[in-house]
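Since the structure comes first, as structure tokens, the remarks are kept for the end.
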Amino acid sequence: MKKSALLLALVVVASFGLVCCGGYGAHTTAGPSGLTERVFASQSVSSATQSGGLVIINGQYDTIARGEVSAGNSPGLMAISADRATLLAFDSSTNKVEVVDTTKETLTGSIQLPGATISMVVPQPGAAYAAVPSAPLTGTSPGALVAMNLSSGSITATIGVPNAQTVASNPAGTELLVFSNDSDSVTVVSPALLNSASPVTLTVPLCTGCRPVNAVFSSDGNTAYVLNCGAECGGTQASVQILNMAATPPTAGASVPVNGATIAFLNGSTLYVAGNSPTNSLCTGETTAATTCGRLDLVNLNSMTVTSSAVITDGYHDRIDMGNGGRLFIGSMNCTNIGNVNNVAGEVRGCLSIYNTPNASVVIPPDNGDVTGLQSFNNRYVEYVAEGGNLRVYDLFTDALLPPNIYIETGTIIIPGYITDVKAVDFF
Numbered sequence: 015m016k017k018s019a020l021l022l023a024l025v026v027v028a029s030f031g032l033v034c035c036g037g038y039g040a041h042t043t044a045g046p047s048g049l050t051e052r053v054f055a056s057q058s059v060s061s062a063t064q065s066g067g068l069v070i071i072n073g074q075y076d077t078i079a080r081g082e083v084s085a086g087n088s089p090g091l092m093a094i095s096a097d098r099a100t101l102l103a104f105d106s107s108t109n110k111v112e113v114v115d116t117t118k119e120t121l122t123g124s125i126q127l128p129g130a131t132i133s134m135v136v137p138q139p140g141a142a143y144a145a146v147p148s149a150p151l152t153g154t155s156p157g158a159l160v161a162m163n164l165s166s167g168s169i170t171a172t173i174g175v176p177n178a179q180t181v182a183s184n185p186a187g188t189e190l191l192v193f194s195n196d197s198d199s200v201t202v203v204s205p206a207l208l209n210s211a212s213p214v215t216l217t218v219p220l221c222t223g224c225r226p227v228n229a230v231f232s233s234d235g236n237t238a239y240v241l242n243c244g245a246e247c248g249g250t251q252a253s254v255q256i257l258n259m260a261a262t263p264p265t266a267g268a269s270v271p272v273n274g275a276t277i278a279f280l281n282g283s284t285l286y287v288a289g290n291s292p293t294n295s296l297c298t299g300e301t302t303a304a305t306t307c308g309r310l311d312l313v314n315l316n317s318m319t320v321t322s323s324a325v326i327t328d329g330y331h332d333r334i335d336m337g338n339g340g341r342l343f344i345g346s347m348n349c350t351n352i353g354n355v356n357n358v359a360g361e362v363r364g365c366l367s368i369y370n371t372p373n374a375s376v377v378i379p380p381d382n383g384d385v386t387g388l389q390s391f392n393n394r395y396v397e398y399v400a401e402g403g404n405l406r407v408y409d410l411f412t413d414a415l416l417p418p419n420i421y422i423e424t425g426t427i428i429i430p431g432y433i434t435d436v437k438a439v440d441f442f
């Protein structure tokens, strides 16, 4: 449910990447590690004798590089620029955004936020934004979209958006959508209007009881497909709704009811939408001790109809990524965990679902814990999954952990501490 409890749980594990992956940007220059296929993993630790940071991984062989990048004591949620040259890591112990130059593999600065965040974007070089629901504002309700200048390491604007939870950017970075807790409207923010006489924000009402939580943009940025959480977030009917961004002002359009809508992935004219339905939560077709399950709906955007559905794990779905071979990874938090991965007798089940798009089958891997990070690759048939604080490597031919090889034995990259997020830095 989209409440303060959700925010607290996400901050504790320090976890919205973008809801739609559009591929990687230009190849960055390898830094001191000497690697050209780098992956960064955020590592927090609880020991007073250890420090957290960003671990650098060789994305070709799944091995850890020497050294790491300092990024506070408890780095978790990360965001990366389109050119992959700038990486942000949110430190939940200090509410600071740590700014990393990936080309040099060094920390270039820290920006103090006025509160915790679970959503950041880097839509343009040198500029980033974070939704901070607890940001104090004079004379109005708490909550703001915080604009950051990454070059100077400063906050350039605190834009009032009550209870701001999530921010999504169009491909050009010229318009942002901000979603607030328990609201039926979306706030449109135009960064170019900062420090001008024109209003920076515009509130666009959607349907009653919609409870919008996020959006996926079309490649041209003219259309935003808004994810209305509905009943799962205390509203009524979940749906996907068109927001016409080419209109002045943006206007809400047609919608299609779905089982649940908290995260989505756009592939061509198909939008894969995950969430929970209070009225359709049976685990039909699965042999499991879980009493409730989530749903993945496939929406044809040309006809705005649901063409098929699949049963997936429950929990609040907030991670999604498409790997090679049409494997769609869907992760959630606060799901029904069954069994113990360290004691494999009987069923083991966690928060990860793998949907095979060619044959419409679903695999629930035997693992436990929240899924807080997903990363696919262009030239490898593997998926990195941060689940339960571990960094797993899945084989996309088998939908199982990578089998033993000369570099990895268990399908897990062994890293001390708690691994929350994972981002590929180089184009490969």
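Under this note's numbering, think of the first position of the sequence shown as 15, with each following residue one higher. Note that CB positions come from ideal geometry on N, CA and C, so glycine has one too.
Check the Cα spacing between S155 and each of G387, P176, N392: the tightest is with P176. M134: member of the beta strand (DSSP E) spanning 134-138, first to last residue. The Cβ atoms of V320 and V270 sit closer than 8 angstroms to each other.
A straight line joining the alpha-carbon of A55 with that of V436 spans about 4 angstroms. By the C-beta density criterion, Q57 is buried, having at least 16 other C-beta atoms within 10 angstroms. Distance from the CA of D384 to the CA of E401, rounded to the nearest whole angstrom, comes to 5 angstroms. In this structure, DSSP gives E246 a helical state, which the three-state scheme calls helix.
The C-alpha of T424 is placed about 6 angstroms away from the C-alpha of P418. DSSP, read as helix, strand or coil, puts N404 in strand. For F54, the enclosing beta strand (DSSP E) starts and ends at 52-58. The three-state secondary structure of A85, taken from DSSP, is coil. In the same chain as D413, and ignoring 5 residues on each side of it, the C-beta atoms closer than 8 angstroms to its own belong to R341, I368, N370, V377, P379, in chain order. Close CB contacts of I94 within its chain, under the 6 angstroms cut and outside five residues either way in sequence, are with L101, K437 (chain order). Excluding its 5 nearest sequence neighbours in each direction, A268 has C-beta neighbours in its own chain below 8 angstroms: Q255, I256, M318, listed in chain order. The beta carbon of P219 sits closer than 6 angstroms to the beta carbons of S199 from its chain, once the five residues preceding and following it are set aside; these are given in chain order.
Taking C-alpha positions only, G337 is separated from G353 by approximately 27 angstroms. DSSP places N392 outside both helix and strand once states are collapsed to three, so it counts as coil. The residue among A261, F231, T293 with its C-alpha nearest the C-alpha of T284 is F231. Per DSSP, the continuous beta strand (DSSP E) segment holding V200 begins and ends at 199-203.
By the neighbour-count criterion, in which 16 or more other beta carbons inside 10 Å mark a residue as buried, P89 falls on the buried side. The beta carbon of D328 sits closer than 8 angstroms to those of N290, S295, A304, T306, C307, G308, S346, C349, T350, all from its chain and outside the five residues before and after it, given in chain order. Taking a contact as a CB-CB distance under 8 angstroms, the pair A141 and L164 counts as one, their CB atoms being some 7 angstroms apart.
When rounded, the separation of the alpha-carbon atoms in G249 and Y75 is 46 angstroms.
The residue from R98, L388, G48 with its alpha-carbon nearest to that of H331 is L388. Assigned with DSSP and collapsed to three states, A206 falls in helix. By the CB criterion at 8 angstroms, G274 and E246 fall inside the cutoff. Taking C-beta atoms under 8 angstroms as the contact rule, M162 and I169 qualify, at a distance of about 6 angstroms. Looking at S84, L410, R98, V214, the one whose alpha-carbon comes closest to that of F104 is S84. Residue state for N351 is assigned as coil, using DSSP reduced to three classes. Per the coordinates, the alpha-carbon of V358 lies some 40 angstroms from the alpha-carbon of A145.
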